[in-house]
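Under the UniProt record's numbering, the first residue of the sequence shown carries the number 1, and numbering increases by one thereafter. Glycine included, C-beta positions come from ideal geometry on N, C-alpha and C. Predicted model, so just to flag it, every value in this text is computed and none were measured. Working notes, beginning with the structure itself.
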Amino acid sequence: MNQEGGLWALLPSKVSSRDQVTGHKLALLVLVSEYCRVKTERHLKPDQELWTHTTKQCRDFAITALKLLQSPDMSLGELLSCLDGVLHPNTMRLFTVSLRTIYDAGVAGIMDYIPNLDNLLADPTATPAVLHKSSVLGLFVRRMLLALDKLNFSGLVKLHQSFRSYYDAEGNGDSKATQRQADLFLAQQVTLMQVNEKAALPPPQLQQKLRELVGGNPALTEAHYVSFLNCLSVKEYFGAVESLRQHFDRTSAPDASSKPGPMATAASSEDSGRNLRYASLHLAMLHAKMGHDAEARAALREAVTLAQDANDVVFLQHALAWHCRLDGARCPEAQLRCSVTRASELGLCGIASLGIQALTRVGAEAGSPPAAALELLSRSEVLNFQHPQGDTGIGTVTSQKAALWTLYGFQRMANLQAQLLLQLGRADQLRTAGVVPMGEPACLALRSLAWALTLHGRYNDSTSLLDLASTLFPAYSACQNLVTLCRLECSFHEALHKTLWPRAEGLASGIRILNRFEGDLCKVKLLLWQGHLNEALDLVDTVLAIEDIKGTGDGDNTSNFEGSLPHFKGRCYLLKAEILIESSQPVLAIPVLCEGLTLAEKHHLSYLRASLVVLMAGVQFE
C-alpha cells in the first residue's frame, strides 16, 4: 500500500487576499443583476411577454454561478459557452444587451449600473429581496461593490478599458485569479490527485494552468508545490526537483511588507530554519520515490539534525515515519511502537494510524496470529473514525484487512473486505460534489476480486472487471501498473490451463518486466506443466537462493521485493516439491515439504499449509 500521501507537508501561504474588479467579474455582476431582475419581473417592457425560469434552470444557474465564482477569469466566449442551455434564452439576450450597453456607454455606463447592484442587497426583513446579502452571490456582490467604491475616476477608466478588451477578445483566455480562487483551485486539485486522479486535470493542462497562476501572481508559492506533485504523478523527476526548489526558495524569501525589528528578525530566522528542514525532508521523500535509498537517508539525516537543533518534535515525528518507511519490513518493531506512541501524544493522528498499519504488516511478516494482527489493525480503524484522515483512512485500513485475509489463506473474507471497500467509497462525502473516491485502495480491491474470479475459472468476468478498472484510472497512474500486472497474471493462469504454451510464455515474460519474482515463479509453473522438469528445478533453486539472501536482511537487497516474503517462499517450496514428485523423486520432496510446512505453521499461512499437507499425504501414500 502507498501510505505516504498524508506525509507530504505543504507550508502555509503568507500572501494576503485582495479583491480586484476585472472585466470578467464585471460581466458576472451584470449576469447576477439581470437574473435577479427576471426573478423580480422588473425586466419587462410594455410590449414584452412574461417569462420565468423553471426549477431546473434555477438549480442549474445556482450550480453554474458557484463554479464561475470559484474559477479563475475566463474569456467572454467561454463564459457564454458555460451559460448556454442554463438560462432562459430571453434572459441570455438581456445579459448580452446589458454588456453591449456598458461597452458603448463608457465609464458612465459603469457608474449608472452600480445603483442597480445596490438595489439587489435590500434588507430581506423589510422588502422581499431575491438576493440575500449573506448568500454566496450576495457576498460576491458586496465584495465587488466595496472594490468599486475604492476606485477613483482613473481606476474606473482603466476598468472600462479592461472590459472593452475583455469584450472584444472573446477567444483570448487571459486567466487571472484572485488569491481565494487560486487557493481553492490548488486545494481541489491536490485533493483530487489523492482520491481520484481521473477527476483531476490531466498533467499537461494542470501544468499550463499553474504557469498561468504563477504568471498572474508570482508570490503564489503553493503553485510550485502542486507542480512538484504533478511532476511526481508522471515520474518527471527533473521537473519535480526544479519545482521543489522554486517552492522553497520563494517560501524562504523575506517578506517585503514586514517591518524590520528584533522580533521580525527572529521570526524570519525561524521560518528560514523551518523551510530548510522541510526542504531536506521533501528531498529525502523524492529520492525515496526514485529508489535512491542512500541519498534519501542522507537527506533525512540532515533534516533530523536541523530539527534537533530547533527542538521541533512534530517534524521529528514526520522524519521518523519516513525512516520507518525506508526500512520497510526490516523496521524494528520497537521503533514502530515508539513512533505510534509519540505521534499519539503529539496529536498526530495520521502518522499514528499509518504507524499502526506498518506495525501490523511487520507483525504479520514476523508470524503474528491472525487475531492479533486484525485486533491491532482495528485500533487504526478506530483512530480513523475518530479523526478522519481522508484517503489514508478507512479505505486503506479495509484494504489492509483484505491483504491480511489473503495472506492467511481466507480468500472469501478477503473478497468480502474488497466489496465492502468499494461500497464505502460510494458513501463518501465527496460524492456530493460528483467525485467518487477511486484511489489505490479501490484499485487493489478490484484486483483482488478479478483474481478471485480467475481462480474460479470465470475468465470473461475477470477480464470485464479489469477492463472497468482500466477506465477508472489515467494511463500515467501507478494504479494502471497494478491493473496491468493483474491482467497478465489472470491471462497467464487461463493460458496455462488451456495449454496455450506460446501465449503463456509471452505472458510470463511480461509479468517479469513488472515483477521479477512473480515472473520467475510463473516461468517455473510453465516449465513444470510443459514437462521441462530439470529447467524448472534449476530456476526454482535460483529463486530460493536469492530469497535466502534477502531473508538475512543484509544491505538493501529487500528493497526490490514487494509482498510477503514468507508466503512467497512457501509457494516456492510447494512448486519445488511438485517438481520433485513429477521427477519420480518423492523421497527428496519430503524435506522440502517439511521446510515449507514449518514456514507455513510459523506464519499461520492456512491455505498454503493445507496445500503442503495434501502434497505430503500423496507422497506418503506412494
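- Here the stretch 378-389 makes contact with the stretch 345-357; the two share three or more CB pairs at distances below 8 angstroms.
- Between Lys289 and Leu232, the gap from beta carbon to beta carbon is short of 8 angstroms.
- For the options Asp183, Asn415, Leu220, Arg458, the alpha carbon positioned closest to that of Leu449 is the one of Asn415.
- Secondary structure at Thr499: coil, using DSSP grouped into helix, strand and coil.
- Residue burial is scored here from C-beta neighbours: Gly519 has at least 16 other C-beta atoms within 10 angstroms and is therefore classed as buried.
- Taking 8 angstroms as the cut-off, the beta carbon of Ala147 is found no closer than this to the beta carbon of Gln308.
- Looking at Glu365, Ala284, Cys324, Leu68, the one whose alpha-carbon comes closest to that of Arg180 is Leu68.
- Proximity to His493 across Phe517, Arg458, Val483 peaks at Arg458, based on C-alpha coordinates.
- When secondary structure is reduced to three states using DSSP, Ser344 falls in the helix class.
- Pro72 is classed as buried because its beta carbon has at least 16 other beta carbons within 10 Å across all chains shown.
- Under the rule that a run must span 4 or more residues, the alpha helix (DSSP H) segments found entirely inside the stretch 475-535 read 478-497, 501-514, 516-530.
- With a cutoff of 8 angstroms on beta-carbon distance, Ala223 and Leu210 are scored as near each other.
- Scanning Glu562, Ala536, Arg100 for the CA closest to the CA of Val524 turns up Ala536.
- The C-beta separation of Leu597 from Arg609 comes to about 6 angstroms, placing the pair in contact by the 8 angstroms criterion.
- Nearest neighbour of Tyr573 by Cα position, chosen from Val543, Phe561, Leu192, turns out to be Val543.
- In this chain, the alpha helix (DSSP H) harbouring Pro566 covers 565-582.
- A residue is called buried once 16 or more other Cβ atoms fall within 10 Å of its Cβ, and Asp467, having fewer, is exposed.
- With fewer than 16 neighbouring CB atoms inside 10 Å of its own CB, Glu562 falls in the exposed class.
- In the structure shown, the three-state DSSP call for Leu466 is helix.
- Contact check for Ala600 and Ala589: beta-carbon distance about 16 angstroms, past the 8 angstroms limit, so the pair fails to qualify.
- Its Cα nearest to that of Cys82, the residue Ala62 stands out among Val97, Ala62, Arg100.
- Linking Tyr103 to Thr55 through their CA atoms gives a straight-line distance of about 32 angstroms.
- Within its own chain, the residues whose Cβ lies closer than 8 angstroms to the Cβ of Asp118, once the five positions on either side in sequence are excluded, are Leu145, listed in chain order.
- 8 angstroms or more divides the Cβ of Lys198 from the Cβ of Phe621.
- Burial is judged here by how many other beta carbons sit within 10 angstroms of a residue's own beta carbon; Ile581 has at least 16 and is buried.
- Val141 places its beta carbon less than 8 angstroms from that of Leu120.
- In the three-state DSSP reduction, Pro115 falls in the helix class (H, G or I).
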